[in-house]
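Novice:
Number of protein chains: 2
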Amino acid sequence: DGDGGGAAAPFPLAELRLRRVLRESARDKAVFLHGEVTGPSGEGTDALVILEKTPFQEEKLLDLLKKHTKLELQMHNDIYRTYHLYPPPELSEIKTTVVYPATEKHLQKYLRQEAHLIRETWEDYKNITLPFVQSQSFSIQWVYNILEKKAEADQIIHENPDPCDGFVLVPDFKWNQNQLDDLYLIALVHRRDVKSLRDLTAEHLPLLRNILQEGKEAIMKRFGVPGSQLRIYLHYHPSYYHLHVHFTALGYDAPGISVERAHLLTDVIDNLVLDSMYYQKRALTFALQADKMLFKRFQEAGRV
Amino acid sequence: DGDGGGAAAPFPLAELRLRRVLRESARDKAVFLHGEVTGPSGEGTDALVILEKTPFQEEKLLDLLKKHTKLELQMHNDIYRTYHLYPPPELSEIKTTVVYPATEKHLQKYLRQEAHLIRETWEDYKNITLPFVQSQSFSIQWVYNILEKKAEADQIIHENPDPCDGFVLVPDFKWNQNQLDDLYLIALVHRRDVKSLRDLTAEHLPLLRNILQEGKEAIMKRFGVPGSQLRIYLHYHPSYYHLHVHFTALGYDAPGISVERAHLLTDVIDNLVLDSMYYQKRALTFALQADKMLFKRFQEAGRV
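If you read the protein sequences in the order shown, they are chains A and B.
Those letters in the first sequence? Residues 842 to 1145, per our numbering, in order.
Those letters in the second sequence? Residues 842 to 1145, per our numbering, in order.
This is the structure in structure tokens:
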């Protein structure tokens, strides 16, 4: 292969100066670096470097266990032991991706903003969050286009046309519909006066039960996936303030399914049965990036 | 540390025979192996071996870029290049966990199986789950070893010694403690009569508040991570029935943080304040693999 891709300058990885770590992922074993090398005319030129450890290869597992260069016992308790194992170089490849020269946009894309958990009481919601949400004029015209069949009409999987307790079920645009492993659909409610989980009371139980029941049936009928293999949940905060419910494959580790953002629809229904005002009483926790406007409002109010 | 944990036989990793790969995770760069070694009396004995590549350490990144043993260009297109980089052994640790001798249950735990959601009512818990849990004799000796300082005593980050409202905070054995990105600690309560979330009532509020408050303070003091960047939660079902609370870095996409398994400690506390019997009233949802005995019990009862 080599330099088949065009006129870009050669890249001297070993001469990279590390400017900053843009982002790390401990789970993915990956790191995103902003580096700099001296360019062709002597000036510092930005580079984006991504390092990612590679998955284990089944045919090399025995080699790994036998050909390690060092094995250190770290902990031993009852039948459990942990070790540090140091493999030889040929068994520990790192996938390295370089974007060079890199623009500011390349770097920004991978820059991690620090997030903090916010515990929003009902008073916080009324005094900080709601005024903020109302001051934003984030357009949700695309939602209305779907509900009015002005867009994606051919994508509708199921509709209950009731203006109060009805909804439309469509594939989420993140899902390419080629495989069921990452199945992802969204139910958008017809009524336009429910912004989020915070607005829900027992009044909305018929709507929520319709979504749960008819959504499961429609997905079983169209895709053959039973309700017991669907994760059905709301986000708080949602990314747009028109009530919607997510349906994802249970085996799919979708973004936004973690406990600080997702609320199972069955739990929401049960909580409203226990107490109609549950979501106007309970503090709700969510993560916010420190550069977000809403975070700054919570800071100004002394709540973070 | 060494062999402080008891009478278990030494484990000869290099002599492991590979029986099968139980599960692989390409995303996590981890593999779960069923192996066999020749035991003390010459018979084949099962072992569970988990290999997991470790996250990058920031202070070693420059070494990685400069001290690689080999660098192969794989692809070059315009400003994009990918390489295979082969680091020296000291820069490519593999975290190795061994359970030996391993029971069939240890192996089953990691064997990949199709999962279904179960919605467990309080009646289901009393009639199906509790009798099942009580019939199982999964040893939690390792928990008692920690609480009694017979193992991992040097690992304790914080202790509140009160027998009723006290707990011990230790690093989870999944965390190698080299970087904060995947920070993971566990609070184990001293009292031995609380199996899980299902047992909690307002009586346990002092204990839960101690764990929340003192756990955050101890982690801030030792690791410099503020409470707003910690995800603090219980699992339902837990993997062992002695009450414990997970502390993970908010930025860490740890296994078991999804909405169908994790319950934020702050939410648990609030729910118990709202209603002391909340967890004896509310149905709880969790995922169960279809080959699990508990799943079969729910099937026999016509509940899935």
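Don't be surprised by glycine CBs; every beta carbon is placed ideally from N, CA and C.
Sorted by chain position, which residues of the same chain lie with C-beta nearer than 6 Å to K990/B's C-beta, five sequence neighbours on each side aside?
Specialist: Taking the second sequence and counting its residues from 1, one reaches residue 990/B at position 149. The answer is none, since no qualifying residue turns up.
Novice: Buried or exposed: S980/A, going by 16 or more other Cβ atoms within 10 Å of its Cβ?
Specialist: Residue 980/A sits at position 139 when you count from the first residue of the first sequence. Looking at its Cβ environment, which holds fewer than 16 other Cβ atoms inside 10 Å, S980/A is exposed.
Novice: I1060/B to Y921/B, Cα distance in whole Å?
Specialist: Residue mapping note: residue 1060/B aligns to position 219 of the second sequence, counting from 1. Residue mapping note: residue 921/B aligns to position 80 of the second sequence, counting from 1. Their Cα atoms are separated by approximately 41 Å.
Novice: Could you spell out where the beta strand (DSSP E) holding M916/A opens and where it closes?
Specialist: For this step, residue 916/A is matched to residue 75 along the first sequence. From DSSP, the beta strand (DSSP E) with M916/A extends over K911 to N918.
Novice: How is F1139/A classed by DSSP in three states: helix, strand or coil?
Specialist: Counted from its first residue, the first sequence places residue 1139/A at position 298. Helix.
Novice: Do you know how far the Cα of L1024/B is from the Cα of Q1018/B?
Specialist: Walking along the second sequence from the start, residue 1018/B turns up at place 177. Walking along the second sequence from the start, residue 1024/B turns up at place 183. Near 7 Å, if we compare the C-alpha coordinates of L1024/B and Q1018/B.
Novice: Compute the Euclidean distance between the alpha carbons of R1138/B and S1099/B, then round it to the nearest angstrom.
Specialist: Translated into the one-based positions of the second sequence, residue 1138/B becomes position 297. Translated into the one-based positions of the second sequence, residue 1099/B becomes position 258. Distance between the alpha carbons of R1138/B and S1099/B: 24 Å.
Novice: Quick one: using the 10 Å Cβ neighbour count with 16 as the cut-off for buried, is S933/A buried or exposed?
Specialist: Your numbering for residue 933/A matches position 92 in the first sequence. Burial call: buried.
Novice: Can you tell which of I1073/B, L958/B and E964/B has the C-alpha that lies nearest to the C-alpha of V1066/A?
Specialist: Here the question's residue 1066/A lines up with position 225 in the first sequence. Nearest option by C-alpha distance: L958/B.
Novice: Go through its chain and collect everything with a Cβ distance to K936/B's Cβ below 7 Å, but skip five positions before and after it.
Specialist: As a working note, residue 936/B is residue 95 in the second sequence. The answer, listed in chain order, is E893, T895 and N1017.
Novice: Alpha carbon to alpha carbon, how far is T923/B from D904/A?
Specialist: On the second sequence, position 82 is the one that residue 923/B refers to. On the first sequence, position 63 is the one that residue 904/A refers to. Distance between the alpha carbons of T923/B and D904/A is about 26 Å.
Novice: Hey, does L1038/B have any beta-carbon neighbour from chain A nearer than 8 Å?
Specialist: Reading the second sequence from its first residue, position 197 is the one you call residue 1038/B. No, no contact with chain A.
Novice: Can you tell me which of D1034/B, I987/B, L1021/B and Q1130/B puts its alpha carbon nearest to the alpha carbon of A1028/B?
Specialist: The residue labelled residue 1028/B in the question sits at position 187 within the second sequence. Out of D1034/B, I987/B, L1021/B and Q1130/B, I987/B has the C-alpha closest to the C-alpha of A1028/B.
Novice: Would DSSP call Y985/B helix, strand or coil?
Specialist: For the purposes of this step, residue 985/B is taken as residue 144 along the second sequence, with counting starting at 1. Three-state result, Y985/B: helix.
Novice: On the CB-based measure, 16 or more other CB atoms within 10 Å of its CB, does N1112/B come out buried or exposed?
Specialist: Reading the second sequence from its first residue, position 271 is the one you call residue 1112/B. It counts as buried.
Novice: Using CA coordinates, which residue listed in E1101/B, E877/B and L1071/B is at the minimum distance from A1090/B?
Specialist: Taking the first residue of the second sequence as position 1, residue 1090/B is located at position 249. Checked all of E1101/B, E877/B and L1071/B; the closest Cα to A1090/B is L1071/B.
Novice: Could you tell me if A888/A is buried or exposed, where buried requires 16 or more neighbouring beta carbons within 10 angstroms of its beta carbon?
Specialist: Here residue 888/A is taken as the residue at index 47 of the first sequence, counted from 1. By the 10 Å Cβ count, A888/A comes out buried.
Novice: So which residues on chain A does F852/B lean against when the C-beta distance must stay under 7 Å?
Specialist: Within the second sequence, residue 852/B is the residue found at index 11, counting from 1. What F852/B touches in chain A: R922.
Novice: For R1039/A, is the classification buried or exposed, using 16 other Cβ atoms within 10 angstroms of its Cβ as the cut-off for buried?
Specialist: Locating residue 1039/A in the first sequence gives position 198, counting from the first residue. Counting Cβ neighbours within 10 Å, R1039/A comes out buried, since at least 16 surround it.
Novice: Taking the CB atoms as reference points, tell me whether H1104/A and Y1081/A lie closer together than 8 Å.
Specialist: If you number the first sequence from 1, residue 1104/A lands on position 263. If you number the first sequence from 1, residue 1081/A lands on position 240. Their beta carbons are not under 8 Å apart, which means H1104/A does not touch Y1081/A by this criterion.
Novice: Which same chain residues end up closer than 6 Å to I1110/B when comparing Cβ atoms and leaving out the 5 residues on each side of it in sequence?
Specialist: Locating residue 1110/B in the second sequence gives position 269, where the first residue counts as 1. Closer than 6 Å at Cβ, skipping near neighbours: L1049.
Novice: So what does DSSP say about P942/A, is it helix, strand or coil?
Specialist: Mapped onto the first sequence, residue 942/A falls at position 101. In the structure shown, P942/A sits in coil (DSSP, three-state: anything other than H, G, I, E or B).
Novice: K950/B CB to nearest chain A CB: under 8 Å?
Specialist: By 1-based counting over the second sequence, the position of residue 950/B is 109. No - not a single Cβ of chain A is within 8 Å of the one on K950/B.
Novice: To which residues of the same chain is G847/A closer than 8 Å at the C-beta, ignoring the five residues directly before and after it?
Specialist: As a working mapping, residue 847/A is identified with position 6 in the first sequence. Summary for G847/A: the model assigns pLDDT 42, below 50, so the residue's position carries little reliability; its value from the coordinates is reported in the next sentence. Around G847/A: no qualifying Cβ.
Novice: Answer with buried or exposed for K870/B, where buried requires no fewer than 16 other C-beta atoms within 10 angstroms of its C-beta.
Specialist: Here residue 870/B is taken as the residue at index 29 of the second sequence, counted from 1. Label assigned to K870/B: buried.
Novice: In the structure shown, what three-state DSSP assignment does A994/A receive?
Specialist: In the first sequence, the residue the question calls residue 994/A occupies position 153. Note: A994/A maps to helix in three-state DSSP.
Novice: Give me the DSSP bridge partner(s) of N1001/B.
Specialist: Taking the first residue of the second sequence as position 1, residue 1001/B is located at position 160. Answer is F1008/B.
Novice: Just to make sure I have the definition right: I need the residues of chain A whose C-beta is within less than 9 Å of the C-beta of R1123/B. Which are they?
Specialist: Along the second sequence, read from residue 1 onward, the residue named residue 1123/B stands at position 282. Within chain A, the residues near R1123/B are D1108, D1111, N1112 and L1115.
Novice: Just the Cα atoms here: how many angstroms apart are Y1119/B and D1013/A?
Specialist: Start at 1 with the first residue of the second sequence, and residue 1119/B comes out as number 278. Start at 1 with the first residue of the first sequence, and residue 1013/A comes out as number 172. Approximately 34 Å between the Cα atoms of the pair.
Novice: Going along chain B, which residues have a C-beta under 7 Å from E899/A?
Specialist: Stepping through the first sequence from its first residue, residue 899/A is reached at position 58. Per Cβ cutoff of 7 Å: V862.
Novice: Which bits of chain A does R868/B rub up against, with CB to CB less than 7 Å?
Specialist: Locating residue 868/B in the second sequence gives position 27, counting from the first residue. Per Cβ cutoff of 7 Å: D869.
Novice: At a cut of 8 Å, does the stretch 994-1006 of chain A reach the stretch 964-976 of chain A through at least three beta carbon pairs?
Specialist: The stretch 994-1006 of chain A, when compared against the stretch 964-976 of chain A, does not touch it at the 8 Å Cβ threshold.
Novice: Considering only the alpha carbon of each residue, which of E964/B, P1004/B and Q1130/B lies closest to A1142/B?
Specialist: Taking the second sequence and counting its residues from 1, one reaches residue 1142/B at position 301. Among E964/B, P1004/B and Q1130/B, the Cα nearest to that of A1142/B belongs to E964/B.
Novice: Identify the residues that DSSP records as bridge partners of H875/A: which are they?
Specialist: In the first sequence, the residue the question calls residue 875/A occupies position 34. Paired residues: R861/A and L889/A.
Novice: Counting only Cβ pairs nearer than 7 Å, list the residues of chain A close to K907/B.
Specialist: Reading the second sequence from its first residue, position 66 is the one you call residue 907/B. Correct list: A855.
Novice: What's the gap between the Cα of T1107/B and the Cα of F897/B?
Specialist: In the second sequence, residue 1107/B corresponds to position 266, counting from 1. In the second sequence, residue 897/B corresponds to position 56, counting from 1. T1107/B and F897/B: Cα-Cα distance of roughly 31 Å.
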